[in-house]
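All residue numbers for the sequence shown refer to full-length UniProt numbering, where the first residue is 64 and numbers rise by one.
Idealized CB from N, CA, C, for every residue including glycine.
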Amino acid sequence: NYLRHVESLAVLPSGAGKISHLNAVILGEALASEENDLVFPSEEFSRQALVPSPMKYMEMYRRSIEDPAGFWSEIASEFYWKQKWGTTVYSENLDVRKGPIKIEWFKGGITNICYNALDRNIEAGNGDKIAIYWEGNDLGQDGSLTYSSLLEKVCQLANYLKDIGVRKGDAVVIYLPMLMELPIAMLACARIGAIHSVVFAGFSADSLAQRIVDCKPKAVITCNAVRRGPKVIHLKDIVDDALAESAKSGVSVDVCLTYENQSAMNRHDTKWQKGRDIWWQDTIPEYPTTCEIEWVDAEDPLFLLYTSGSTGKPKGVLHTTGGYMIYTATTFKYAFDYKPPDIYWCTADCGWITGHSYVTYGPLLNGATVIVFEGVPSYPDPGRCWNIVDKYKVTLFYTAPTLVRSLMREGDEYVTRYSRKSLRVLGSVGEPINPSAWRWFFNIVGDSRCPISDTWWQTETGGFLITPLPGAWPQKPGSATFPFFGVQPVIVDEKGAEIEGECSGYLCIKSSWPGAFRTLYGDHERYETTYFKPFPGYYFSGDGCSRDKDGYHWLTGRVDDVINVSGHRIGTAEVESALVSHPQCAEAAVVGVEHEVKGQGIYAFVTLVDGVPYSEELRKSLTLAVRKQFHCQIGPFAAPDKIHWAPGLPKTRSGKIMRRILRKIASRQLDELGDTSTLADPNVVDQLIALSDC
Ligand code: WTA
């Protein structure tokens with residue numbers, strides 16, 4: 064049955080029979096329809112793959128679990144360490160019952176991630192290899208840097224930062240769009256042991272100020288403006304506002320290094336605060352092109368990155384140097400089956416973790432050629448991605464399901480008018496990829512040739528935890544498949560008991576992996592409470608997951624109060640607090656609803672101050688309040704898709720909002736409201752339903 068099923072697959076590539084025979088042994092008989100939907104790598108692909116078969120994966124995986132210290136230290140030895148770590152490769156406590164949570168990898172090892180990404184590759188003879196191809200917002204705008212020239216630019220900036228007093232352990236906030244200067248700034252910080260905190264250059268002045276106040280940077284690095292599609296966004300104005308705002312909280316920043324992005328805005332039109340603001344182009348090129356390395360401990364902090372949680376304040380996820388370095392490099396190599404001639408493009412912005420681990424560090428540590436794209440995929444038309452793929456002969460293309468779905472709606476001709484012959488492996492991240500988007504990505508974009516690595520991971524995990532290794536396993540559209548080396552996913556029930564075999568529940572991880580975050584900046588207690596207390600003994604991901612009969616993992620989305628909109632994490636509490644900051648809003652409750660393109664949309668129930676009438680104008684001004692809190696013009700993904708007027712909210716007698724009921728009302732599953740008798744006032748449910756279409 065199993066083999067017959069496999070043979071009947073439309074996408075079955077020639078030669079798959081041989082591989083399917085191997086898989087059949089391991090997988091046994093598959094069952095239900097999605098679970099049965101196996102897509103095999105071609106024999107040709109598998110033959111050249113780093114991990115060419117399930118057997119090889121099993122062998123490596125087993126070793127990584129049975130002997131993590133040996134497995135990871137062997138890999139780490141391929142990198143440069145000024146001084147090797149001590150006898151203990153890693154030490155950990157993931158169990159709150161046994162004391163404070165602590166994770167350390169390669170402690171005592173002295174290294175530098177910038178050295179390993181640049182100098183080491185140059186010394187290996189790759190100085191003239193292209194490190195970064197930069198593609199601007201407009202067609203025909205481009206540039207590139209070899210490994211040697213990238214190093215020179217990094218050194219110049221690093222020298223400048225040292226000159227203005229940035230020292231090891233100091234924070235630097237980077238608020239830049241996808242210019243080459245963004246990875247340059249990250250690497251320059253890393254070179255001198257400074258902690259970078261990149262803030263997505265789309266966040267509002269308020270969000271930027273909040274992050275500045277939290278980490279008190281020595282400097283902010285930005286640019287005057289950026290073009291995104293047809294729009295111009297004045298980033299420097301946003302930074303000015305943020306700096307004024309943070310000064311009110313007692314955090315003043317002495318230096319605002321500003322890159323003049325001439326294609327977007329002339330320097331003469333840029334507002335300027337003498338003494339504080341410095342033009343990048345006038346200053347940085349004056350500095351020497353070599354810069355001594357600040358050697359750091361593997362456990363010294365590398366960067367901070369803020370992410371949304373289920374409560375109001377964003378969390379400063381802290382990653383350290385050594386483990387993160389080894390983990391991003393290794394996951395990049397295996398999940399994309401990376402080989403030196405590859406040209407790699409990840410569409411993520413460096414403002415998110417994907418841009419940290421898989422635009423900057425993972426690829427550059429492997430000596431790869433990376434594309435940095437400033438623009439948007441829909442400009443000048445929805446064929447832009449494939450235009451870029453053909454222009455640079457991209458072999459590895461990594462993107463998000465929301466982009467796949469939005470391009471899918473534009474029609475195949477935008478894709479098929481380009482060759483895309485160079486593509487070898489596709490990748491997906493950010494949210495579960497629905498099987499129909501998977502199919503389109505596979506069949507149309509990849510011409511049914513390229514395996515898709517559906518990588519499951521998080522800001523907190525630093526790198527992939529569950530991901531296909533193209534070439535090893537047959538894939539099931541919509542499943543992130545199997546754990547990466549060294550990762551032990553467990554599915555637990557409500558009480559925290561591990562469930563075996565075919566099951567579904569809460570996704571946790573047993574034991575640490577090198578890329579795990581070490582704390583939440585300045586709030587270790589919140590770190591323990593959020594991630595380690597819900598299910599003692601495990602790291603809790605916040606995601607639901609099921610495992611099928613063949614051991615494949617199917618992520619089912621967040622189980623906490625976090626909504627995933629276009630692959631971006633939005634805490635419901637953050638949106639609610641933005642709404643109630645509006646003078647006419649008395650109370651708000653936000654839930655996620657299914658959305659065709661964005662994956663999830665934001666659905667807000669809003670109770671107005673007594674006597675205020677509903678109006679379209681008010682709806683707009685509430686939406687604006689949320690947009691202002693989160694973002695300026697770029698990707699206003701935090702704006703509510705629907706505002707539902709609510710004379711009252713369904714609450715328990717103790718005053719807790721019953722979101723379960725709100726989710727059902729939002730998704731119009733009115734016959735599944737369940738028991739409403741415990742509500743303080745069951746009538747509010749009828750009122751809400753009556754106002755559904757207002
Ligand atoms: C979701 C992004 C299913 C998940 C790297 C996780 C995914 C959150 C996938 C982390 C995937 C990410 N399949 N869900 N392949 N990748 N997610 O921190 O809910 O921005 O918890 O990191 O995105 O989002 P974050």
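Cβ atoms of Y210 and L245: under 8 Å apart, would you say?
Start at 1 with the first residue of the sequence shown, and residue 245 comes out as number 182. Start at 1 with the first residue of the sequence shown, and residue 210 comes out as number 147. Cβ atoms of L245 and Y210: not closer than 8 Å.
Could you tell me whether any non-hydrogen atom of the ligand WTA is closer than 7 Å to the CB of E494?
The residue given as residue 494 occupies position 431 in the sequence shown. For the ligand WTA, at least one heavy atom lies less than 7 Å from the Cβ of E494.
Determine, using beta carbons only, whether P531 and T522 come nearer to each other than 8 Å.
If you number the sequence shown from 1, residue 531 lands on position 468. If you number the sequence shown from 1, residue 522 lands on position 459. In this structure, T522 does not lie closer than 8 Å to P531 by Cβ.
Under 8 Å between C-beta atoms of E198 and E565:
As a first step, residue 198 is located in the sequence shown; it is residue number 135 there, counting from the start. As a first step, residue 565 is located in the sequence shown; it is residue number 502 there, counting from the start. Result no, Cβ atoms of E198 and E565 do not sit closer than 8 Å.
Touching or not, the region 628-643 and the region 606-620, by the rule of three or more beta carbon pairs under 8 Å?
no
In angstroms, rounded to a whole number, what distance separates the CA positions of V380 and G674?
For this step, residue 380 is matched to residue 317 along the sequence shown. For this step, residue 674 is matched to residue 611 along the sequence shown. Going from the Cα of V380 to the Cα of G674 covers about 43 Å.
Would the region 203-222 and the region 340-359 be scored as touching if the rule is three or more Cβ pairs under 8 Å?
yes
Looking at T353 and the ligand WTA, is the gap between the Cβ and the nearest heavy atom below 7 Å?
For this step, residue 353 is matched to residue 290 along the sequence shown. No.
Does the Cβ-Cβ distance between I176 and Y424 come in under 8 Å?
As a first step, residue 176 is located in the sequence shown; it is residue number 113 there, counting from the start. As a first step, residue 424 is located in the sequence shown; it is residue number 361 there, counting from the start. Yes, these two residues count as a Cβ contact at 8 Å.
Which residue comes first and which comes last in the beta strand (DSSP E) that contains S574?
As a working note, residue 574 is residue 511 in the sequence shown. Per DSSP, S574 belongs to no beta strand (DSSP E) and is neither H nor E.
Nearer than 7 Å: is that true of the beta carbon of S491 relative to any heavy atom of the ligand WTA?
As a first step, residue 491 must be located in the sequence shown, where it is residue number 428. The beta carbon of S491 sits closer than 7 Å to at least one heavy atom of the ligand WTA.
Under the three-state reduction of DSSP, which class applies to W335: helix, strand or coil?
Reading the sequence shown from its first residue, position 272 is the one you call residue 335. Note: W335 maps to coil in three-state DSSP.
Of the choices S315, W144, Y322, T384, whose alpha-carbon is the least far from that of C252?
As a working mapping, residue 252 is identified with position 189 in the sequence shown. Checking every option, the nearest Cα to that of C252 belongs to T384.
Please name the residue in S604, F700, Q732, R254 whose C-alpha comes closest to that of I554.
Along the sequence shown, one-based indexing puts residue 554 at 491. Answer by Cα proximity: S604.
Is there contact between the region 278-294 and the region 445-459, where contact requires at least three CB pairs shorter than 8 Å?
no
Considering only residues of the same chain and omitting the five flanking positions on each side of T670, which have a CB-CB separation below 6 Å?
As a working mapping, residue 670 is identified with position 607 in the sequence shown. Within the same chain, T670 has close Cβ partners A649, E650, A709.
Alpha helix (DSSP H) segment containing H587, residue limits:
Residue mapping note: residue 587 aligns to position 524 of the sequence shown, counting from 1. 587-590 is the extent of the alpha helix (DSSP H) around H587.
Coarse secondary structure for V467, derived from DSSP in three states
The count along the sequence shown starts at 1 and reaches residue 467 at position 404. Looking at V467 - three-state DSSP - the assignment turns out to be helix.
I need the DSSP call for I89, collapsed to helix, strand or coil.
Along the sequence shown, one-based indexing puts residue 89 at 26. With a pLDDT of only 38 at I89, under 50, the local geometry of the prediction cannot be trusted, and no value is derived from it.
Can you give me the C-alpha to C-alpha distance between L754 and A729, rounded to a whole angstrom?
As a position in the sequence shown, residue 754 is number 691, starting the count at 1. As a position in the sequence shown, residue 729 is number 666, starting the count at 1. One C-alpha to the other measures close to 11 Å.
May I ask which residues mark the beginning and end of the beta strand (DSSP E) holding T285?
Numbered from 1 along the sequence shown, position 222 holds the residue referred to as residue 285. T285 -> beta strand (DSSP E) spans 282-286.
Report yes or no: do the region 252-266 and the region 413-427 share at least 3 C-beta pairs separated by less than 8 Å?
yes
Note down, in chain order, each residue of its chain lying with its Cβ closer than 8 Å to the Cβ of D405, except the 5 sequence neighbours on either side.
One-based indexing of the sequence shown puts residue 405 at position 342. Answer for D405: F399, A431, T432, T458, L459, R487, listed in chain order.
Kindly indicate the opening and closing residues of the beta strand (DSSP E) around F436.
For the purposes of this step, residue 436 is taken as the residue at position 373 of the sequence shown. Segment 432-436, the beta strand (DSSP E) holding F436.
By DSSP, does V478 sit in helix, in strand, or in coil?
Residue mapping note: residue 478 aligns to position 415 of the sequence shown, counting from 1. Residue state, collapsed to three classes: helix.
Span separating the alpha-carbon of I724 from that of D744:
The residue labelled residue 724 in the question sits at position 661 within the sequence shown. The residue labelled residue 744 in the question sits at position 681 within the sequence shown. Their backbone Cα atoms lie some 13 Å apart in a straight line.
From what residue to what residue does the beta strand (DSSP E) around F603 run?
The residue labelled residue 603 in the question sits at position 540 within the sequence shown. Per DSSP, F603 belongs to the beta strand (DSSP E) from 602-610.
By how many angstroms is the C-alpha of A194 removed from the C-alpha of L736?
To locate residue 736, count along the sequence shown from 1; it is residue 673. To locate residue 194, count along the sequence shown from 1; it is residue 131. Roughly 55 Å between the two C-alpha positions.
Can you give me the C-alpha to C-alpha distance between P599 and M721, rounded to a whole angstrom?
Taking the first residue of the sequence shown as position 1, residue 599 is located at position 536. Taking the first residue of the sequence shown as position 1, residue 721 is located at position 658. Cα to Cα, P599 sits roughly 26 Å from M721.
Span of the beta strand (DSSP E) around I227
Here residue 227 refers to the residue found at position 164 of the sequence shown. Looking at the DSSP string, I227 is not in any beta strand (DSSP E), and its letter there is neither H nor E.
Tell me which residue opens and which closes the beta strand (DSSP E) that F668 is part of.
As a position in the sequence shown, residue 668 is number 605, starting the count at 1. Note, F668: beta strand (DSSP E), 662-671.
Taking 7 Å as the limit between beta carbons, can you name the residues of its chain near residue 19, skipping five residues before and five after?
With the chain covering only 64 through 757, there is no way to say anything about residue 19.
Run through the region 212-264 for me and flag every whole beta strand (DSSP E) of 3 or more residues, listed as ranges in chain order.
234-238, 258-261
Below 6 Å CB to CB, which residues in the same chain sit around G664 once its five sequence neighbours on both sides are set aside?
Mapped onto the sequence shown, residue 664 falls at position 601. Cβ-Cβ distances below 6 Å link G664 to V656, H658, D704 in the same chain, with the five nearest sequence neighbours on each side left out; the list follows chain order.
Any heavy atom of the ligand WTA within a distance shorter than 7 Å of the CB on N497?
Counting from 1 along the sequence shown, the entry for residue 497 is found at position 434. Checking the Cβ of N497 against the ligand WTA gives no.
Skipping 5 residues on each side, what residues in its chain have a beta carbon closer than 6 Å to that of Y369?
One-based indexing of the sequence shown puts residue 369 at position 306. For Y369, where only same-chain residues beyond five positions count, the Cβ hits under 6 Å are R274, P377, G379.
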